[in-house]
Amino acid sequence: MSQNAQPSAGPGDLTRSLLHDLLDDASLFPPGNLAMPAAVAAHASHESAWFADLTGPFVCPETKLADLTRALTVANVSWIDLSVVVTGGPGAVAAAIDAVAADPRLRLRAVEVPAAKDSEPAQAITDVAAALDNVPLASAAGYIEYPLRAICDPATAGPLLDLADQRGYRPKLRTGGVTAQAFPAEDLLAGCLAALAGRRMPFKCTAGLHHAVRCTDEGAGLEQHGFLNVMLAVRAAAAGASIPEVAAILAQRDPAAIAVAVQALDADAAAEIRWLFTSFGTCSTEEPIAELVGLGLLSQP
5 MSQNAQPSAG PGDLTRSLLH DLLDDASLFP PGNLAMPAAV AAHASHESAW
55 FADLTGPFVC PETKLADLTR ALTVANVSWI DLSVVVTGGP GAVAAAIDAV
105 AADPRLRLRA VEVPAAKDSE PAQAITDVAA ALDNVPLASA AGYIEYPLRA
155 ICDPATAGPL LDLADQRGYR PKLRTGGVTA QAFPAEDLLA GCLAALAGRR
205 MPFKCTAGLH HAVRCTDEGA GLEQHGFLNV MLAVRAAAAG ASIPEVAAIL
255 AQRDPAAIAV AVQALDADAA AEIRWLFTSF GTCSTEEPIA ELVGLGLLSQ
305 P
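Under our numbering, the residues of the sequence shown are numbered 5 to 305, in order.
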């Protein structure tokens, strides 16, 4: 079981609460690929927009931290909430944290490190956890990107999840990319969600959740998961739904049905969803917002 305590839902607009701080700004990453000055300017604009409360930290690879500090100076930005993706793996974690600490404008919210794909999963996850143990995270969250196939069976995922959970770190699930093979099948993702929800372990997602509802992306021609589907699937998994039942929710393509299901959530369900599903990285902040408005879940002033 996770050592984090699950809070109850507070008062306020339920839908807004469900979506609060959901969208981590990964505009530097594919397929967005914004240049650093444009990405910083866009993030600053989002921070002052009507949907600012839905916007999470700016996501930056450790290899571009110097570019980020220069862009902040040019744009006269006094501070930025930051999630650092350490693409260099465990060996690059300490230098990345030192670079962040050297600039007080960088407010570290999270550190995300992938487990090596070419190593045995338990060893790869242990290596990342050990690297995170050796740096001062303070209040920042530590995320370990897990290989999905290693944790898609709730009956066997426990020991691997323990490697992060017992040290207070969280899994990161890759839900897409720039190729069809990067998008996990519904049953694979459903198994991971069931494993995490079953032990009440918070996680984040990254990549591929460009749309609110499951669809075939018109531009890329790829089958893409919907972030609202993931939310509803998390709720079902936490309530004890079977993996096929969770997968069926991930596969739902009817926007109206998804919107109705989201609107039917009560405060406790919304709080549980967001306690488990902390956020997701998206290369566009405005596109998810526009889709939420189109579904009637947000009202644009």
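For glycine and all other residues, C-beta sits at the position ideal for the given N, C-alpha and C.
Note that this is a predicted model, so its numbers are computed, not measured.
Item to check | CB-CB length for Gly230 against Val217, believed under 8 Å | outcome: On the sequence shown, position 226 is the one that residue 230 refers to. On the sequence shown, position 213 is the one that residue 217 refers to. That belief holds up - the Cβ atoms of Gly230 and Val217 are roughly 4 Å apart, short of 8 Å.
Item to check | N-terminal and C-terminal residue of the alpha helix (DSSP H) that Gln295 is part of | outcome: On the sequence shown, position 291 is the one that residue 295 refers to. Before going further, note that residue 295 is Glu rather than Gln in the sequence given. Per DSSP, Glu295 belongs to the alpha helix (DSSP H) from 290-298.
Next on the checklist: Can you find the residues in the same chain that come closer than 7 Å, C-beta to C-beta, to Glu291, ignoring five residues on each side of it along the sequence?
Outcome noted: As a first step, residue 291 is located in the sequence shown; it is residue number 287 there, counting from the start. Hits under 7 Å: His214.
Item to check | Through-space distance from Thr130 to Pro11, alpha-carbon basis | outcome: As a working note, residue 11 is residue 7 in the sequence shown. As a working note, residue 130 is residue 126 in the sequence shown. A caution first: Pro11 carries a pLDDT of 37, below 50, which makes its placement in the model unreliable, though a value can still be read off. C-alpha separation (whole angstroms): 29 Å.
Checklist entry - So does Lys176 have its beta carbon nearer than 7 Å to some heavy atom of the ligand ADP? => result Within the structure as shown, the ligand ADP is missing, as the structure has no ligands at all.
Next on the checklist: Measuring only the C-alpha atoms, how far is Lys176 from Ile148?
Outcome noted: On the sequence shown, position 172 is the one that residue 176 refers to. On the sequence shown, position 144 is the one that residue 148 refers to. Going by the C-alpha atoms only, they are around 6 Å apart.
Item to check | Three-state secondary structure (DSSP) of Ser87 | outcome: Locating residue 87 in the sequence shown gives position 83, counting from the first residue. Reduced to three states, the DSSP call for Ser87 is strand.
Next on the checklist: Comparing C-alpha positions only, which one of Cys196, Leu165, Leu167 sits nearest to Thr179?
Outcome noted: Residue mapping note: residue 179 aligns to position 175 of the sequence shown, counting from 1. Residue Cys196 is the option with its Cα nearest to Thr179.
Next on the checklist: Less than 8 Å between the beta carbons of Leu58 and Ala43, yes or no?
Outcome noted: By one-based count along the sequence shown, residue 58 stands at place 54. By one-based count along the sequence shown, residue 43 stands at place 39. No, the Cβ-Cβ distance between Leu58 and Ala43 is not below 8 Å.
Checklist entry - Are the CB atoms of Ala144 and Arg171 nearer to each other than 8 Å? => result The residue given as residue 144 occupies position 140 in the sequence shown. The residue given as residue 171 occupies position 167 in the sequence shown. Against a cut-off of 8 Å, the Cβ pair of Arg171 and Ala144 comes out as no contact.
Next on the checklist: Quick check on the DSSP output: the beta strand (DSSP E) that includes Pro175 runs from which residue to which?
Outcome noted: As a first step, residue 175 must be located in the sequence shown, where it is residue number 171. First-last of the beta strand (DSSP E) with Pro175: 174-178.
Item to check | Span of the alpha helix (DSSP H) around Pro259 | outcome: Taking the first residue of the sequence shown as 1, we reach residue 259 at position 255. First-last of the alpha helix (DSSP H) with Pro259: 259-267.
Next on the checklist: Considering just the uninterrupted stretch of the alpha helix (DSSP H) at Cys196, what are its terminal residues?
Outcome noted: Walking along the sequence shown from the start, residue 196 turns up at place 192. It spans 190-202 - the alpha helix (DSSP H) in which Cys196 sits, taken as one unbroken run.
Next on the checklist: For Gln228, count the other beta carbons within 10 Å of its own beta carbon; 16 or more makes it buried, fewer makes it exposed. Which is it?
Outcome noted: By one-based count along the sequence shown, residue 228 stands at place 224. That one is buried.
Checklist entry - What does a CB cutoff of less than 8 Å around Arg153 pick up in its chain, not counting 5 residues either side in sequence? => result In the sequence shown, counting from the first residue as 1, residue 153 sits at position 149. Here the set comprises Leu192.
Checklist entry - How should Glu222 be labelled, buried or exposed, when 16 other C-beta atoms within 10 angstroms of its C-beta is the threshold for buried? => result Counted from its first residue, the sequence shown places residue 222 at position 218. Glu222 is exposed by the Cβ-count criterion.
Checklist entry - Touch check for the stretch 282-290 and the stretch 20-30: three-plus C-beta pairs under 8 Å? => result yes
Item to check | Proximity of Leu86 and Val104 at Cβ, strictly below 8 Å | outcome: Reading the sequence shown from its first residue, position 82 is the one you call residue 86. Reading the sequence shown from its first residue, position 100 is the one you call residue 104. Taking 8 Å as the Cβ cut-off, Leu86 and Val104 qualify as a contacting pair.
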